[in-house]
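Colleague: My questions all concern the structure below.
In full-length UniProt numbering, the protein residues as written are 1 to 391.
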């Protein structure tokens, strides 16, 4: 849910950035560049210049107010002197007029110098701002070109990674096919080995049977030979044959028993060898199957490891994308905050300028009223002075 919220916030930030870029006619990179630290430094310089201009205007207004106070004090002093002496009033009014004219000329000259200085400063500020705007435009073009080159490099890198991944997948498939072929070949070799062992077992059994038949045949031939010799000697040794007949019979029985036991032992030995061979073949088959199972288990674990690695890489790429979107959202928020601060500062400066203009207009109006009052007072005093001279 957190990732989904962050993704939605990132999409909204991208949409707002695209909307601002569309309204301003600039690219996204240019909009982000306008909110960078360079523009902030230029804005701070402009604010410092405006602050110094406001301080100068305040000092000039304070000087004007001080001069107005001095004029009021001088007017009061002249009024008191006029009550005491008309001559002093005339001289003082003349001096005051000269002083006022001189001060008026000085004020007009200062006003003109101030207006010229303000026009010059405004012109310099406009030229500086225009120069900075041109530099910012060049910087935005360079940054846009760099971003385009970086994007192209990223696209080429992504294509190269895709080709590498495809090549790895093809190699894995080829290795899997080779492994399957090796398994089939090993199974075929095992089957051939089992067939050869079976053939050897059958040949060994046949050879043992032939040897037994030959041994029985030799025994039978030996018995026949002995019987023929006994028959030949029977006439000569009838008495001895009768005496030895029982001994011969016992010998024959013992020999038959020995032969039977020998045959039994041979058969038991053959069976033991067959059992040993069967057990050896069974153990070899079990060992081969164990090796095959271990190989399959190893391959399965390797495949699981590759899958986990792919999932981890996908998660890492998604996390990097979310971090980039979060960074863009923070940039957009900072841009909005700075824009609000700029609007507030511009509004405050506008109000200050309006206040200064209002003070200048009020000062001019007061100055006109003061001059009209002085002229009217002087015009009223002039007939009185003429009447007193006539008297």
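We treat Cβ as the ideally placed atom computed from N, Cα and C, and that holds for glycine.
1) Among 270, 236, 187, 144, whose alpha-carbon lies nearest the alpha-carbon of residue 205?
2) Is the distance from the Cβ of residue 162 to the Cβ of residue 281 below 9 Å?
3) Apart from the five residues on each side of it in sequence, which residues of its chain come closer than 6 Å, Cβ to Cβ, to residue 361?
4) Take residue 289 as the anchor and find which of 186, 274, 342, 234 has the nearest alpha-carbon.
5) What does the Cβ neighbour count give for residue 276, buried or exposed, with the cut at 16 atoms within 10 Å?
6) Starting from the C-beta of residue 274, find all residues in its chain whose C-beta is less than 6 Å away, skip the five residues before and the five after it, and write them out in chain order.
7) Can you tell me whether residue 140 is buried or exposed, with buried defined as 16 or more other CB within 10 angstroms of its CB?
8) Please report the straight-line C-alpha distance between residue 46 and residue 371, rounded to a whole angstrom.
9) In whole angstroms, give me the CA-to-CA distance for residue 380 and residue 107.
10) Please report how far the alpha carbon of residue 335 lies from the alpha carbon of residue 349, in whole angstroms.
11) So, helix, strand or coil for residue 237, using DSSP?
12) What do you get for residue 332, buried or exposed, if any count of 16 or more other CB atoms within 10 angstroms of its CB means buried?
13) Between 129, 358, 188, which lies nearest to residue 44 when the distance is taken from Cα to Cα?
14) Mind checking residue 171: buried by the 16 CB within 10 Å criterion, or exposed?
15) In whole angstroms, what separates the C-alpha of residue 223 from that of residue 208?
16) Comparing C-alpha positions only, which one of 235, 263, 147 sits nearest to residue 213?
17) Straight-line CA distance for residue 49 to residue 365?
18) Answer yes or no: do residue 190 and residue 285 have a C-beta to C-beta separation smaller than 9 Å?
19) Quick one: Cα of residue 167 to Cα of residue 133, how far?
20) What residue from 307, 245, 327, 318 has the CA that sits closest to residue 169's CA?
21) Do you know offhand how far residue 155's Cα is from residue 149's?
22) Taking the beta carbon of residue 394 as the centre, do at least 16 other beta carbons fall within 10 Å, making it buried, or is it exposed?
23) Given this structure, state the Cα-to-Cα distance separating residue 72 from residue 100, to the nearest angstrom.
Modeller: Taking the geometry as given:
1) To locate residue 205, count along the chain shown from 1; it is residue 205. Considering only alpha carbons, the answer is 270.
2) Numbered from 1 along the chain shown, position 162 holds the residue referred to as residue 162. Numbered from 1 along the chain shown, position 281 holds the residue referred to as residue 281. It is not a contact, given that the beta carbons lie outside the stated cut-off.
3) Counting from 1 along the chain shown, the entry for residue 361 is found at position 361. Same-chain partners within the cutoff: there are none.
4) In the chain shown, counting from the first residue as 1, residue 289 sits at position 289. That would be 186, whose Cα lies nearest to the Cα of residue 289.
5) Working through the chain shown from its first residue, we reach residue 276 at position 276. Classification of residue 276: exposed, given that the 10 Å Cβ count is below 16.
6) Looking up residue 274 in the chain shown gives position 274. If we look at residue 274 and ignore the five residues flanking it on each side, it has no Cβ neighbours.
7) Here residue 140 refers to the residue found at position 140 of the chain shown. Answer is buried; the Cβ neighbour count reaches 16.
8) On the chain shown, residue 46 is found 46 positions in, with the first residue counted as 1. On the chain shown, residue 371 is found 371 positions in, with the first residue counted as 1. Spanning the two alpha carbons is a distance of roughly 39 Å.
9) Mapped onto the chain shown, residue 380 falls at position 380. Mapped onto the chain shown, residue 107 falls at position 107. Cα to Cα, residue 380 sits roughly 27 Å from residue 107.
10) Translated into the one-based positions of the chain shown, residue 335 becomes position 335. Translated into the one-based positions of the chain shown, residue 349 becomes position 349. When rounded, the distance between both Cα atoms is 21 Å.
11) The count along the chain shown starts at 1 and reaches residue 237 at position 237. Three-state result, residue 237: coil.
12) Counted from its first residue, the chain shown places residue 332 at position 332. With 16 or more other Cβ atoms within 10 Å, it is buried.
13) Position 44 of the chain shown holds residue 44. Minimum Cα distance to residue 44 is reached at 129.
14) Looking up residue 171 in the chain shown gives position 171. Residue 171 should be labelled exposed.
15) Residue 223 sits at position 223 when you count from the first residue of the chain shown. Residue 208 sits at position 208 when you count from the first residue of the chain shown. Cα to Cα, the separation comes out at about 22 Å.
16) Residue numbering aside, residue 213 sits at position 213 when the chain shown is read from its first letter. Taking only the C-alpha atoms, the option nearest residue 213 is 263.
17) Here residue 49 is taken as the residue at index 49 of the chain shown, counted from 1. Here residue 365 is taken as the residue at index 365 of the chain shown, counted from 1. Each residue's alpha carbon lies about 29 Å from the other.
18) The sequence position of residue 190 within the chain shown is 190, counting from 1. The sequence position of residue 285 within the chain shown is 285, counting from 1. Contact flag set, yes.
19) Here residue 167 is taken as the residue at index 167 of the chain shown, counted from 1. Here residue 133 is taken as the residue at index 133 of the chain shown, counted from 1. Cα to Cα, the separation comes out at about 50 Å.
20) Counted from its first residue, the chain shown places residue 169 at position 169. Nearest of 307, 245, 327, 318 to residue 169, Cα basis: 307.
21) Here residue 155 corresponds to residue number 155 of the chain shown, with the count starting at 1. Here residue 149 corresponds to residue number 149 of the chain shown, with the count starting at 1. Cα to Cα, residue 155 sits roughly 10 Å from residue 149.
22) Because the chain in this structure spans residues 1 to 391, residue 394 falls outside the shown range and cannot be described.
23) Taking the chain shown and counting its residues from 1, one reaches residue 72 at position 72. Taking the chain shown and counting its residues from 1, one reaches residue 100 at position 100. Rounded to whole angstroms, residue 72 to residue 100 spans 12 Å at the Cα level.
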